[in-house]
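Undergrad: Numbering (mature numbering (1 follows the signal peptide of the UniProt record, and there is no 0)), first residue to last: -28 to -1, 1 to 322.
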């Protein structure tokens, strides 16, 4: 039989493929059970999914799950609390070994989370307090997020101003951010909250904008809007721009996305600063903490991802136009060395 170049090429490709397969197998073998072989199934059960933050969070979950070689199922309740609880039961029925609960209400998720634990499933919770000592809480350090944004507000505007505040009670991260807002008002008696409003009705930004229009008409003396969730801030900005008040009001928020960056960089934008973690990194940390539980390791009960202050001036001065620029030019934003044991694959490694 004659050996042609085509046959040699096929043989070379086969050997290369086999080498890659052996390398992947070797890498997996270096990991603790159950990640030393394929077949691990996990589920992400979501309450909130609207907006850039949650899309980026999902991309981080998917990237870390892929790096670990696990089978990820995504169940999205679209802000239906009863459905989210049912979806935990669906995940249990699917035979998953781990569940990430992403946002939700304590009263609806507490019992559902306990049912998963009772079924022998490992659970972590991001930004929802399920009041369970066996379930690690993934947090963005929400109190620090609020503190960074509000410290910048005081730096920019002094210690005496009238504020509008966007808040919806019962959502764990917003409740934690609210605690800081309450403390700041106590510390600076000159800060006066003249209006509180907020909604999570979809589309969130447009619904908040509708409320903000009425607030601005009733309180034309507002100088600062504290909107500690970027969809809230988008809504406030819509109303501020429509009212032509963008030079007289400053907006401070939490969270960040490419569209947020564009809005902050607009000429004479009222959106002055935000404090944020990289939502994709938070998604990765959520999967890593769950993986540690599955491997018999303890990630700790409170798994905290540190935030970064991002100002309008910094975005312009450093010519940051999108999330990729933000990660490249603010390295502390690109990766969090949290829930990162030596065996854990880093999806950001090049």
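Glycine residues also receive a C-beta, built at the ideal position from the N, C-alpha and C atoms.
#1: Say yes only if the C-beta of residue 81 is nearer than 6 Å to one or more non-hydrogen atoms of the ligand GTP, and no if none qualify.
#2: Do you know how far the Cα of residue 129 is from the Cα of residue 307?
#3: By DSSP, does residue 307 sit in helix, in strand, or in coil?
#4: Spatial neighbours of residue 215 within its chain, please: CB distance less than 6 Å, with the 5 preceding and 5 following residues excluded, ordered by chain position.
#5: How close, in whole Å, do the beta carbons of residue 177 and residue 222 come, if the pair is a contact with beta carbons under 8 Å?
#6: At what residues does the alpha helix (DSSP H) containing residue 327 begin and finish?
#7: Return helix, strand or coil for residue 213, following the three-state DSSP convention.
#8: In terms of alpha-carbon separation, which member of 43, 15, 26 and 35 lies closest to residue 7?
#9: Grab me the residues of residue 23's own chain with a C-beta within less than 6 Å of its C-beta, minus the 5 sequence neighbours each way, in chain order.
#10: Residues in the same chain with beta-carbon distance under 7 Å from residue 157, minus the five sequence neighbours each way, listed in chain order, please.
#11: Go ahead and label residue 111 buried or exposed: buried means 16 or more other beta carbons lie within 10 angstroms of its beta carbon, across all protein chains shown.
#12: Starting from residue 130, trace the beta strand (DSSP E) both ways and give me its first and last residue.
#13: Just the Cα atoms here: how many angstroms apart are residue 152 and residue 282?
#14: Is the beta carbon of residue 88 closer than 7 Å to that of residue 60?
#15: Suppose contacts are defined by Cβ-Cβ distances below 7 Å. Is residue 254 in contact with residue 311 by that definition?
#16: Below 6 Å CB to CB, which residues in the same chain sit around residue -20 once its five sequence neighbours on both sides are set aside?
#17: Could you tell me which residues DSSP pairs with residue 44 in its beta bridges?
#18: Return the first residue and the last residue of the alpha helix (DSSP H) that residue 323 is part of.
#19: Please confirm if the stretch 116 to 126 is in contact with the stretch 88 to 106, defined as three or more CB-CB distances below 8 Å between the two stretches.
#20: Between which two residues does the beta strand (DSSP E) carrying residue 70 extend?
#21: Quick check: the Cα distance between residue 201 and residue 35, rounded to an integer number of angstroms?
#22: Using alpha carbons as the reference points, say which of 167, 280 and 32 lies closest to residue 395.
#23: DSSP has residue 94 in a bridge; who is on the other side?
#24: Using DSSP's beta-bridge definition, name the partner residues of residue 65.
#25: When the Cβ atoms of the stretch 75 to 85 are set against those of the stretch 9 to 24, are three or more pairs found closer than 8 Å?
#26: Whole angstroms are fine: how far does the CA of residue 228 sit from the CA of residue 117?
TA: Short version:
#1: No copy of the ligand GTP occurs in the structure displayed, which carries no ligand at all.
#2: Going from the Cα of residue 307 to the Cα of residue 129 covers about 32 Å.
#3: Here residue 307 sits in coil by DSSP.
#4: 188.
#5: The Cβ separation is near 18 Å, so there is no contact.
#6: No answer is possible for residue 327: the residues shown for the chain start at -28 and end at 322.
#7: Of the three classes helix, strand and coil, the one that applies to residue 213 here is helix, per DSSP.
#8: When the alpha-carbon of residue 7 is set against those of 43, 15, 26 and 35, the nearest one is in 43.
#9: Excluding sequence neighbours, residue 23 sits near 203.
#10: For residue 157, where only same-chain residues beyond five positions count, the Cβ hits under 7 Å are 163 and 165.
#11: Looking at its Cβ environment, which holds 16 or more other Cβ atoms inside 10 Å, residue 111 is buried.
#12: Run containing residue 130: none; DSSP gives neither H nor E here.
#13: Straight through space, the alpha carbons of residue 282 and residue 152 are spaced by roughly 18 Å.
#14: For the pair residue 60 and residue 88, the CB atoms are nearer than the 7 Å cut-off.
#15: Not a contact, by the Cβ cut-off of 7 Å.
#16: Annotation note: pLDDT 45 at residue -20 (below 50); position unreliable, coordinate value reported separately. No residues qualify anywhere along the chain.
#17: Looking at the DSSP assignment, residue 44 forms a beta bridge with 14.
#18: This structure cannot speak to residue 323, because the chain is shown only from -28 to 322.
#19: Inter-segment contact for the stretch 116 to 126 and the stretch 88 to 106 is absent: fewer than three beta-carbon pairs are separated by less than 8 Å.
#20: Where residue 70 is concerned, the enclosing beta strand (DSSP E) starts and stops at 70 to 74.
#21: Spanning the two alpha carbons is a distance of roughly 24 Å.
#22: With the chain running from -28 to 322 in the structure shown, residue 395 is simply not present.
#23: DSSP links residue 94 through a beta bridge to 70.
#24: The partner list for residue 65 (beta bridge, DSSP) is empty, contrary to what the question assumes.
#25: Touching, per the Cβ criterion.
#26: Residue 117 and residue 228: Cα-Cα distance of roughly 11 Å.
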